[in-house]
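At position 450 of the sequence shown the residue is numbered 463 (the numbering used here), and the sequence of numbers has no breaks.
We put the beta carbon where it would ideally sit given N, CA and C, even for glycine.
First the structure, in the form of structure tokens, and then the observations on it.
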Amino acid sequence: MSITAQTATALGRALVIGGIALAVSGPLRGWIAARRGRARTLAWTLLLAPFFTPPLLVSYAFSKFALALIVSPWSHEALYLGVLALKLIPVAVIVRMLMPPPLSAEAWFGYRMLAPASWWGRARFRVRGAGAGPWIAGGLVFVLAFADFELAALWSVRTWTVAIFDAQAGGLALSETLRLAAWPLGVEGAALALVAGSARDFRVAESNERQSAGRRPWIYLASAATLVCILPLAVVTAQAAAGFHALAENFVLGREIGASVLFGLVAAFAADALARAGRKPMAWFLGVPGLLGALVVSLLVLALFQARPLRFAYDTPLPLALALTLLLLPLALLLGVWWPRRTAALHVAKQVRSRRLVWELEKRPRAAAFGLLFCWAYFDFTASSILAPVGLTPVFVRLHNLAHYGQTAVLSAMMLAAFAVPVLLSLLVMVAASLHTRRNLVLHPGQHPPRP
14 MSITAQTATA LGRALVIGGI ALAVSGPLRG WIAARRGRAR TLAWTLLLAP FFTPPLLVSY
74 AFSKFALALI VSPWSHEALY LGVLALKLIP VAVIVRMLMP PPLSAEAWFG YRMLAPASWW
134 GRARFRVRGA GAGPWIAGGL VFVLAFADFE LAALWSVRTW TVAIFDAQAG GLALSETLRL
194 AAWPLGVEGA ALALVAGSAR DFRVAESNER QSAGRRPWIY LASAATLVCI LPLAVVTAQA
254 AAGFHALAEN FVLGREIGAS VLFGLVAAFA ADALARAGRK PMAWFLGVPG LLGALVVSLL
314 VLALFQARPL RFAYDTPLPL ALALTLLLLP LALLLGVWWP RRTAALHVAK QVRSRRLVWE
374 LEKRPRAAAF GLLFCWAYFD FTASSILAPV GLTPVFVRLH NLAHYGQTAV LSAMMLAAFA
434 VPVLLSLLVM VAASLHTRRN LVLHPGQHPP RP
């Protein structure tokens, strides 16, 4: 199959996934907005679990099943499309939460009372009344689905990203690789231009919708988290049980895990600093390349550092650190917008010098956001496989290469150990910072502790 045909297939697949995301995210957005307390926390946890589950974990756990379906192309395609849709639906929900419809519930009620008779008039009103949220959400999901590589690689899915990566890994000249990527890059550029046009009047707003509770959203959220997160983790854990002993006797991943931690920390710090300190328009402009996908960003960075002015830094950590920073920046910007800014409460906490309240209102959300950025960079495979310097190969490059030879108990144990490192590091840092804050609650003479 030619690169044009594979690009067209990926285009159709991305359109289907974008449509599914729009259909699901609309009702789900209003339902989650109406949840309160622990129910809201649980709903968000279940929603985000598929998105933040590393693609390699999913593709490795289901690789035997997926490869067995190759003889049935439609079933194989349905599995890939369904899993990818479940991973990207949270993006559409978050965007539509940030950009709720401009019309209130009262306005919609008045419209239904005075709705025009023609179906065309009703359709136009509904499209305009939905605001820019659905267009931006659908466009972002389309771009992310179109540029997917890591989930498709181990499942032998025919898509342009796999074809271009194989060509580059097979020794094709970079100029020829970029020529092959021109058509897909044009598709991504056009989609992002439409998203940018819809986001001209972007405003973050709080949704005031209230929807009655129901079981269907809970069933969907639990099913998605189970299929994309819990079940792959259970499969790999069960396979790894027999391999932990051999891995403990000869742990061979120390150097690779160290490289992944190093690049993850550098990229997370850089992306967080750009998102927080940079000017808003410039920061959002710099965040656009990261939406093109890890493969395109890596090839562009590779071409940049093969040019004469930067060739001296080609085989250094700088290219990979730059690529990971660009890939993290859209997520860093989104997290910066998403975390609530409780300015009044935070001001009071700083006035009374309560480290505990400052931790809960400001430091903990920032620490959690940084932990997500670190894990996202640590789990990267695509950019690391193209740009990693000699002697600093990240762990998932090695694990991905070994996964092509099949599933074994030792490899599953290696996978589980590699996945556990960033999660445990993030949890330890959060717990240590929380205990330190609780022990150092500052109270001056005559000052009373704030009431909870």
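State the DSSP-derived secondary structure class of F75, mapped to helix, strand or coil. coil
Presumed contact (8 Å Cβ cut-off) between D285 and F383, rounded CB distance: 6 Å
Rounded to whole angstroms, how far is the Cβ of G146 from the Cβ of V108, which I believe are closer than 8 Å? About 6 Å; that satisfies the 8 Å criterion.
Spatial neighbours of L385 within its chain, please: CB distance less than 6 Å, with the 5 preceding and 5 following residues excluded, ordered by chain position. Here the set comprises nothing.
To the nearest angstrom, how far is the alpha carbon of L193 from that of Q181? 10 Å
Near the ligand SAM: P113 beta-carbon under 7 Å from a heavy atom: Because no ligand of any kind appears in the structure shown, any question about the ligand SAM cannot be addressed here.
Select from W231, A316, G277 and G303 the residue whose C-alpha is nearest the C-alpha of T54. Closest by alpha carbon: W231.
Relative to the alpha-carbon of G95, which residue among V301, L240 and A255 has its alpha-carbon at the smallest distance? L240
Might you give, ordered along the chain, the residues of its own chain that have their beta carbon closer than 6 Å to the beta carbon of F392, omitting 5 neighbours on each side? P67
Exposed or buried, T58, counting other C-beta atoms within 10 Å across all chains shown (16 or more means buried)? exposed
Counted within 10 angstroms of its Cβ, other Cβ atoms place A445 as buried (16 or more) or exposed: When all chains shown are included, A445 counts as exposed.
Straight-line gap, H89 to S72 (C-alpha atoms, nearest Å): 13 Å
Kindly indicate which three-state DSSP category V29 falls into: helix, strand or coil? helix
Please name the residue, chosen from A158, A34 and V84, that lies closest to A105 on a Cα-to-Cα basis. A34
Sequence-distant residues of the same chain with beta carbon closer than 7 Å to V314, five excluded per side: Once the five neighbours on either side are set aside, the close Cβ partners of V314 are P332, L335, A336 and L400.
Starting from A192 and walking both ways along the alpha helix (DSSP H), at which residues does that stretch end? According to the sequence displayed, residue 192 carries Arg and not Ala. That run of the alpha helix (DSSP H) goes L187 to L193.
Does the structure place the stretch 305-320 close enough to the stretch 262-278 that three or more beta carbon pairs sit under 8 Å? By the C-beta criterion, the stretch 262-278 is judged not to be in contact with the stretch 305-320, since fewer than 3 inter-stretch pairs fall below 8 Å.
V455 versus L61: straight-line alpha-carbon distance, rounded: Any answer about V455 is weak, because its pLDDT of 46 lies below 50 and its placement is not dependable; what the coordinates show is given next. C-alpha separation (whole angstroms): 35 Å.
Give me the Cα-Cα distance between F257 and A206, rounded to the nearest whole angstrom. 49 Å
So, at 7 Å on beta carbons, what are the nonlocal neighbours of A316 in its own chain, with the 5 sequence-adjacent residues on each side left out? L187 and L191
Grab the span of the alpha helix (DSSP H) containing N1 for me, first residue to last. Not covered by the structure: residue 1. The range shown for the chain is 14 to 465.
In the DSSP assignment, the alpha helix (DSSP H) including T238 goes from what residue to what residue? It should be pointed out that residue 238 corresponds to Ala in this sequence rather than to Thr. Start and end: R228 to A238.
A47 versus L429: straight-line alpha-carbon distance, rounded: 36 Å
Residues of its chain near Q319, where Cβ-Cβ distance is below 7 Å and the 5 sequence neighbours each way are ignored: L187 and Y327
Taking the alpha carbon of A280 as the reference point, which residue from L342, N263, R228 and A165 has its own alpha carbon closest? Nearest C-alpha to A280: L342.
Cβ separation of S439 and F387, assumed to be a contact under 8 Å, to the nearest whole Å: Between S439 and F387 a beta carbon distance of about 7 Å is seen, short of the 8 Å cut, so the two are scored as contacting.
Between the CA atoms of W168 and A238 - distance to the nearest angstrom: 20 Å
Which runs of the beta strand (DSSP E), 3 residues or longer, sit entirely within the stretch 379-452? DSSP runs (the beta strand (DSSP E)) wholly in the stretch 379-452: none.
Quick check: what's the CA-CA separation for P197 versus S236? 33 Å
Look up A255 in the DSSP assignment and say whether it is helix, strand or coil. Coil.
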